[in-house]
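Undergrad: Below you will find the structure I want to go over with you.
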Amino acid sequence: MRFLCLHGLGTNSQILESQLDPIRSRLPSSYKFEFLDGDEPTNPFPDIAAAYPGPYLCYYDGPTPAAVQAAADAVLDVVSEDGPFDVVLGFSSGASLAATILAAAAERRPAGPPPFKAAVFVCAIVPYRLGSGPLRIDYDPASPSAGHVARARRCDVPETGDGGCDYDIWRDPEAAPIAAELAERSRLKRGSFADGLQTWSADFLLAYHPSVHGAHAITVPTVHVVGQSDVTFGDQSRTLAELCSPRGRKVVTHAGGHHFPRDAATTDRVAAAIEAMVERVVMGLA
């Protein structure tokens with residue numbers, strides 16, 4: 001059973017390998033884990049620099065159409081050249097990228113084989129819908145609005161006669177996650193959209209949301225690890241779970257925040273959930 005593992009923003013493959021060790025030690029030795037580094041340099045995630053050496057990487061600088069598509073293509077190139085891989089495992093933005101690839105495949109080729117037979121999502125950010133949008137965001141560090149989003153508009157929402165737009169990004173389930181991610185990148189000063197000093201305008205992808213895309217955007221068996229105290233992305237992790245087929249979905253929560261579980265009991269439950277997921281794959285169950 002081969003796993004392809006995608007790290008989070010501002011870390012790297014060696015860091016993910018270390019973070020995953022407690023879970024891997026509880027899994028059968030026949031499970032093989034391979035790790036893929038992102039191509040984009042960025043600032044480290046909080047507390048990472050003190051614990052791990054760089055480089056600190058990500059798969060894309062921001063959720064723009066070209067950047068996310070290029071990252072997805074890079075993963076699929078690895079699958080084509082070095083695969084097949086049975087399971088994709090991702091942490092945070094790596095989980096988002098993995099889910100983006102699976103959801104795009106299910107949407108574009110619903111009758112075709114998925115690029116992975118199963119997935120493990122740890123502290124996930126929601127997936128982005130390739131080919132969607134554009135969502136145009138104007139950012140101004142002087143703006144008092146949430147996330148310093150001075151203005152946002154969708155191509156499918158008409159502007160008013162005065163050049164304005166009856167649109168609130170924070171009330172749009174397909175767009176609010178993008179604003180939240182950009183706000184977090186700005187807070188941590190990671191990426192070209194995130195220095196917190198410059199004004200800019202850019203087009204972004206929309207996100208998947210169960211209220212729009214239903215509960216079967218991802219049809220393969222999945223395990224979801226969610227931190228109950230993950231105040232930034234906990235809701236997005238739960239949203240991704242709702243996008244996955246309930247027949248093969250298992251959600252494991254831990255008391256911590258945006259990180260892997262650190263207590264033995266929860267780590268045991270995650271490992272057991274992964275083994276049960278693999279069993280579904282072996283039996284050919286969705």
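The sequence shown maps to residues 1 to 286 in the UniProt record's numbering.
Virtual Cβ for every residue (Gly too), placed ideally from N, Cα, C.
1) Tell me whether residue 155 is buried or exposed, calling it buried when 16 or more other Cβ atoms sit within 10 Å of its Cβ.
2) Decide if residue 199 is buried, meaning its Cβ has at least 16 other Cβ atoms within 10 Å, or exposed.
3) On the three-state DSSP scale, how would you describe residue 142?
4) Helix, strand or coil, according to DSSP, for residue 36 in the structure here?
5) With H, G and I counted as helix, E and B as strand and the rest as coil, what does DSSP make of residue 77?
6) Using the three-state DSSP reduction, which class does residue 237 fall into: helix, strand or coil?
7) Residues in its own chain within less than 6 Å of residue 301 by CB, not counting five upstream and five downstream?
8) May I have the straight-line CA-CA distance separating residue 163 from residue 201, to the nearest angstrom?
9) Less than 8 Å between the CB atoms is what I'm expecting for residue 115 and residue 76, so what's the real figure, rounded?
10) Mind checking which residues open and close the alpha helix (DSSP H) that includes residue 94?
11) Would you kindly work out how many angstroms separate the C-alpha atoms of residue 136 and residue 9, rounded to a whole number?
12) By Cβ distance, which residues of its chain are closer than 6 Å to residue 118, with the 5 residues on each side in sequence left out?
13) Should the stretch 35-54 be regarded as contacting the stretch 120-136, the criterion being three or more beta carbon pairs within less than 8 Å?
14) Is it a yes or a no for the stretch 56-65 touching the stretch 9-21, going by three-plus beta-carbon pairs under 8 Å?
15) What residues in its chain sit with their C-beta under 6 Å from that of residue 63, if we drop five residues either side in the sequence?
TA: On the basis of the data shown:
1) In the sequence shown, counting from the first residue as 1, residue 155 sits at position 155. Exposed, since its Cβ has fewer than 16 Cβ neighbours within 10 Å.
2) Numbered from 1 along the sequence shown, position 199 holds the residue referred to as residue 199. Under the 10 Å beta carbon count, residue 199 is surrounded by fewer than 16 other beta carbons and is classified as exposed.
3) Looking up residue 142 in the sequence shown gives position 142. Coil at residue 142, not helix or strand.
4) Here residue 36 refers to the residue found at position 36 when the sequence shown is read from its first residue. Strand.
5) To locate residue 77, count along the sequence shown from 1; it is residue 77. It is helical.
6) Position 237 of the sequence shown, counting from 1, holds the residue named residue 237. DSSP places residue 237 in helix when its eight states are reduced to three.
7) Missing from the structure shown is residue 301; the chain here goes from 1 to 286 and no further.
8) On the sequence shown, residue 163 is found 163 positions in, with the first residue counted as 1. On the sequence shown, residue 201 is found 201 positions in, with the first residue counted as 1. Below a pLDDT of 50, predicted positions are generally treated as unreliable, and residue 163, at 49, falls in that range; the measurement from the model is reported next regardless. Rounded to whole angstroms, residue 163 and residue 201 show a C-alpha spacing of 16 Å.
9) Numbered from its first residue, the sequence shown carries residue 115 at position 115. Numbered from its first residue, the sequence shown carries residue 76 at position 76. Sure, about 6 Å apart at Cβ, within 8 Å.
10) The residue labelled residue 94 in the question sits at position 94 within the sequence shown. Residues 93-108.
11) Looking up residue 136 in the sequence shown gives position 136. Looking up residue 9 in the sequence shown gives position 9. Their Cα atoms are separated by approximately 23 Å.
12) As a position in the sequence shown, residue 118 is number 118, starting the count at 1. So the list reads 87, 220, 221, 277 and 281, once near-sequence residues are dropped.
13) no
14) Yes: at least three Cβ pairs fall under 8 Å.
15) If you number the sequence shown from 1, residue 63 lands on position 63. Taken in chain order, the residues that qualify are 128, 178, 204 and 205.
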